[in-house]
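Counting from 228, one number per residue, gives the positions in the sequence shown under this note's numbering. Below is one structure, written out as structure tokens, with a few remarks after it.
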Amino acid sequence: MKKINYIIALSTLPFVVNCVGQHQLGKKLQPTAITETVLYDTDDPAIWINPQDASKSIIIGTDKDTNGGLYAFDLDGKIINKVLGLKRPNNVDLEYGFNLNGKKIDFAAVTERETNKVKLYSLPDLKEVGEFTVFDGETERGPMGISIYKNPKTEEIFVIAGRKSGPSDGYLWQYKLSEKDGKITGEVVRKFGKYSGLKEIESIAVDDEMGYIYYSDEQFGVHQYYADPAKGNEELLVFGKGDFKSDVEGISIYPTSVNTGYIMVSNQQKDTFNVYLRENPAKGMIAEIPVSTKESDGSEVTNVNLGPKFPKGMFVAMSNGKVFHIYDWRVIEERIKANMK
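And the structure:
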């Protein structure tokens, strides 16, 4: 949404949105599957694509608690692996093809809030392959959000981490990953990101192909920056202002081509997802999708054919009840087109 000439419109928009009944959005979408429950509190998912057989891909998800864990689910939602004893694991993301000990591996990176660390686990076996502390020297640490950027040209891999609280600028830190003593570690290369001061920043998403980072400033809007640290720290856009009942939460990006697609953002207290154009989020919300999740926080999506149940990919979203909901993308896409403004 463009900043110019929108001050009056935005001041009235929340009232207009609240006057639009849920019935106008259609019935809540039902998930294809719901995962088995974790012990404490699901928070954030990621999807690992099995290169040999995409129908055997895995959903990775965090269980956020002082004695929490990192779980692996199959596409039916069954728990197939887990790492327990993590100290409040918050968010998770994953990447492919990191060169470790002369071998390319896939890995998941998870923030461990109570130790101020990012921990890294190989995929699909969830073996620890490294860790590093974040926000060193800061009084405000407590890592929460995380996303990974892989530069398409150089194949350099970066972790972008957020925290429970932070300054009005420099809220996010970016770390370049490298191998050290046979493990993966990270070195800070950038401090960036404006913060409204209204609540907190948790959800972070990266669009590798388009080269952008997005993050949710929870009662303000979604910020857009360049993902490549060489391109500087200029804020490119804030969108979504006035589109949410309260908290702006999980972000996931579904490509429909190299440079088109959808950005899905959780409208947490309304149990819907707001949809924006990947190629032009400044256009504003194009659709709102009602789902069966309760107060959804983290989410993830893929456009990869995962077999007969998910030929156009899947959308996974956290829900209250210690679970993640798994949706056939075709159902989401159909509702986007039906509700498109």
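Ideal Cβ placement from N, Cα and C applies to all residues, glycine included. Values in this document were obtained by computation on a predicted structure and should not be read as measured data.
Touch check for the region 542–549 and the region 523–534: three-plus C-beta pairs under 8 Å? Yes, the region 542–549 is in contact with the region 523–534.
At least 3 beta-carbon pairs within less than 8 Å: the region 304–314 vs the region 260–278: The region 304–314 vs the region 260–278: in contact.
Using 10 angstroms around the beta-carbon of K521, count the other beta-carbons present and answer buried if the total reaches 16, otherwise exposed. For the purposes of this step, residue 521 is taken as residue 294 along the sequence shown, with counting starting at 1. The residue is exposed, with fewer than 16 neighbouring Cβ atoms inside 10 Å.
Does the beta-carbon distance from R562 to I516 come in below 7 Å? Locating residue 562 in the sequence shown gives position 335, where the first residue counts as 1. Locating residue 516 in the sequence shown gives position 289, where the first residue counts as 1. Cβ atoms of R562 and I516: closer than 7 Å.
N507 (DSSP reduced to helix, strand or coil): Indexing the sequence shown from 1 puts residue 507 at position 280. N507: coil per DSSP, three-state reduction.
Nearest-angstrom Cα separation, counted from V345 out to T366: By one-based count along the sequence shown, residue 366 stands at place 139. By one-based count along the sequence shown, residue 345 stands at place 118. Cα to Cα, T366 sits roughly 17 Å from V345.
On the three-pair Cβ rule with 8 Å, is the region 314–334 touching the region 397–406? Yes, they touch.
I need the boundaries of the beta strand (DSSP E) containing K346, first residue and last residue. Working through the sequence shown from its first residue, we reach residue 346 at position 119. It spans K344 to L350 - the beta strand (DSSP E) in which K346 sits, taken as one unbroken run.
Which residue from S282, E339 and A454 puts its Cα closest to that of T293? Taking the first residue of the sequence shown as position 1, residue 293 is located at position 66. It is E339 whose Cα lies nearest to the Cα of T293.
Taking 8 Å as the threshold, find out whether the region 425–443 comes into contact with the region 475–482 through three or more Cβ pairs. Contact between the region 425–443 and the region 475–482 is present, because at least three Cβ pairs lie under 8 Å.
If you run the structure through DSSP and keep just helix, strand and coil, what is A454? Taking the first residue of the sequence shown as 1, we reach residue 454 at position 227. In the displayed model, A454 falls within coil according to three-state DSSP, outside both helix and strand.
Whole angstroms is fine: what's the gap from D268's alpha carbon to K391's? For the purposes of this step, residue 268 is identified with residue 41 of the sequence shown, where counting begins at 1. For the purposes of this step, residue 391 is identified with residue 164 of the sequence shown, where counting begins at 1. About 17 Å.
Taking K283 as the reference, which of L533, K314 and N547 has the closest Cα? Numbered from 1 along the sequence shown, position 56 holds the residue referred to as residue 283. Minimum Cα distance to K283 is reached at L533.
Spatial distance of E462 from I375 (CA atoms): Within the sequence shown, numbered from 1, the residue matching residue 462 stands at position 235. Within the sequence shown, numbered from 1, the residue matching residue 375 stands at position 148. C-alpha separation (whole angstroms): 19 Å.
Among the residues of its own chain, which have a CB less than 6 Å from the CB of N486, if the five just before and after it don't count? Reading the sequence shown from its first residue, position 259 is the one you call residue 486. Setting aside the 5 residues that flank it on each side, N486 is surrounded in the same chain by E506, each with a C-beta closer than 6 Å to its C-beta; the list follows chain order.
Once the 5 residues before and after D352 are set aside, which same chain residues still bring their CB inside 6 Å of it? Counting from one through the sequence shown, the residue named residue 352 turns up at place 125. No residues qualify anywhere along the chain.
Please report how far the alpha carbon of M491 lies from the alpha carbon of N501, in whole angstroms. Start at 1 with the first residue of the sequence shown, and residue 491 comes out as number 264. Start at 1 with the first residue of the sequence shown, and residue 501 comes out as number 274. Cα to Cα, M491 sits roughly 6 Å from N501.
Mapping the DSSP letters down to three states, classify N566 as helix, strand or coil. For the purposes of this step, residue 566 is taken as the residue at position 339 of the sequence shown. Helix at N566.
Check S473 in the structure and name its three-state DSSP category. As a first step, residue 473 must be located in the sequence shown, where it is residue number 246. DSSP, reduced to helix, strand and coil, places S473 outside both helices and strands of the structure shown, so it counts as coil.
Cutting at 6 Å between CB atoms, please list the residues of its own chain near G324, excluding the five before and the five after it. As a working mapping, residue 324 is identified with position 97 in the sequence shown. These residues qualify, in order along the chain: K331.
Closer than 6 Å by C-beta to S473: which residues in its own chain qualify, once you throw out the five before and the five after it? Chain order, please. Position 246 of the sequence shown, counted from the start, is the residue given in the question as residue 473. The residues are Q496.
Cα-Cα, which of Y554, M567 and P278 is closest to K539? If you number the sequence shown from 1, residue 539 lands on position 312. Nearest of Y554, M567 and P278 to K539, Cα basis: Y554.
Express the C-alpha separation of F447 and P508 in angstroms, rounding to a whole number. Here residue 508 refers to the residue found at position 281 of the sequence shown. Here residue 447 refers to the residue found at position 220 of the sequence shown. When rounded, the distance between both Cα atoms is 15 Å.
So, with DSSP's three-state summary, where would you put L425? Here residue 425 is taken as the residue at index 198 of the sequence shown, counted from 1. In this structure, L425 counts as coil in the three-state DSSP scheme.
Quick check on the DSSP output: the beta strand (DSSP E) that includes T360 runs from which residue to which? Position 133 of the sequence shown, counting from 1, holds the residue named residue 360. Start and end: E355 to T360.
With distance defined between alpha-carbon atoms, name the residue in S349, L313, G364 and G420 nearest to E341. To locate residue 341, count along the sequence shown from 1; it is residue 114. Of the residues S349, L313, G364 and G420, the one whose Cα lies closest to the Cα of E341 is L313.
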